[in-house]
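Chemist: Under our numbering, think of the first position of the sequence shown as -17, with each following residue one higher.
Glycine included, every Cβ here is placed at the ideal spot set by N, Cα and C.
Structure below; questions to follow.
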Amino acid sequence: MPRPWAPPLWVTRRGVVACDPAAHDGHVVGLHAHAARDLERSPSRCAPWRLGPIYARGTMDSPENWRWIWLVASVLLLTGELVTAGTFFLVSFAVGAALACVLAFLGVGVAWEWLAFLAGTVGAFAALFPLRHRLDRALPQIGVGADRLVGQQALVTRPARPGDTGLVRVGREEWTAESVDGSALEEGVVVRVVEVRGTRAIVRPATGPADPVTLEPWEMP
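Here's what the structure looks like:
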């Protein structure tokens, strides 16, 4: 545990000196500005024992503050990862902060804590990136843009002759459509989108149980 500050201590141009021989081997915590005096002491009256680092409570240099900083940072980063689950980005920083927090509670210097944070973060990235890659390949991809139409059922609203294009409605959207095999499209027939080429939906006759297709009032039979 750091030793509490006890007089007499003096701050001089040569550095911190102590007139108490018992104080030279400890750290000083809680040294307030009004307690430090810029005095020159004669070597015959006061031996200039140099102390270890002097930390004022409430400053960023205090090891006691850094242990709580690392702890809060690791909790916040882990919470952020839970909100954006699956990215494995913030959790890597959380691992590094947690490792630095452990070292801080063990009394390791701040410089070593930062090295542990960087090493833990890089190591977590290296370990979790392959896992994320495997999960991305295993999970089904959700279509975006026009690709979201693939697999959905559509209602033919304008018929098409063989090799020609007609119109289909997918949800609330109207799309130019053609049959995948070039066959005719009959009005009112339910089809399924198998591909999107530019602004055209490639469809085939729907097989299996038909999904409900929303009809406008004027389209009701």
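Can you list, in chain order, the residues of its chain with a C-beta nearer than 8 Å to that of GLU156? Leave out the 5 residues immediately preceding and following it.
Modeler: Result list for GLU156: THR139, LEU149, VAL150, in chain order.
Chemist: May I ask which residues mark the beginning and end of the beta strand (DSSP E) holding ALA142?
Modeler: Taken as a continuous stretch (DSSP letters only), ALA142 belongs to no beta strand (DSSP E), as it is neither H nor E.
Chemist: Starting from the Cα of THR103, find the closest Cα among LEU64, VAL175, VAL73 and give me that residue.
Modeler: The candidate whose alpha carbon is nearest that of THR103 is VAL73.
Chemist: For the alpha helix (DSSP H) holding VAL77, just list the boundary residues, first then last.
Modeler: Looking at the DSSP string, the run of the alpha helix (DSSP H) that includes VAL77 is 72 to 87.
Chemist: Contact defined as beta carbons within less than 8 Å: I believe VAL176 pairs with ARG186. What is the distance between those atoms, to the nearest angstrom?
Modeler: That pair is a contact at about 6 Å.
Chemist: So is GLU168 buried or exposed if we call it buried at 16+ other beta carbons inside 10 Å?
Modeler: Under this definition GLU168 is an exposed residue.
Chemist: Who pairs with GLU95 in a beta bridge, going by DSSP?
Modeler: DSSP, once it has assigned bridges, lists no residue as partnering GLU95.
Chemist: Thinking C-beta only, is GLU95 closer than 7 Å to ALA86?
Modeler: Cβ atoms of ALA86 and GLU95: closer than 7 Å.
Chemist: What does DSSP give as the partner residues of ILE184 in its beta bridges?
Modeler: Its beta-bridge partners are GLU160, GLU177.
Chemist: Name the one or two DSSP bridge partners that GLY148 has.
Modeler: ALA159.
Chemist: Less than 7 Å between C-beta atoms, sequence neighbours within five positions excluded: which residues of the same chain meet that for PRO223?
Modeler: Coverage of the chain is limited to positions -17 through 203, which leaves residue 223 absent and any answer about it impossible.
Chemist: If you count every other CB in all the chains shown that lies within 10 Å of the CB of TRP50, and 16 or more means buried, which is it?
Modeler: Counting Cβ neighbours within 10 Å, TRP50 comes out exposed, since fewer than 16 surround it.
Chemist: Nearest-angstrom Cα distance between CYS83 and LEU100?
Modeler: Their Cα atoms are separated by approximately 13 Å.
Chemist: Let me make sure I understand the geometry here. Which of PHE111, PRO112, PHE75, LEU110 has the alpha-carbon closest to that of LEU97?
Modeler: Ranking the options by Cα distance to LEU97, first place goes to PHE75.
Chemist: Comparing C-alpha positions only, which one of GLY133, VAL65, LEU58 sits nearest to GLY78?
Modeler: That would be LEU58, whose Cα lies nearest to the Cα of GLY78.
Chemist: Please report the straight-line C-alpha distance between GLN135 and ILE184, rounded to a whole angstrom.
Modeler: Using only the alpha carbons, I get a separation of about 11 Å.
Chemist: Taking just the CA atoms, how far does LEU131 sit from ARG154?
Modeler: Looking at the two C-alpha atoms, the distance is approximately 12 Å.
Chemist: Does the beta-carbon distance from ALA188 to ARG174 come in below 7 Å?
Modeler: Yes, these two residues count as a Cβ contact at 7 Å.
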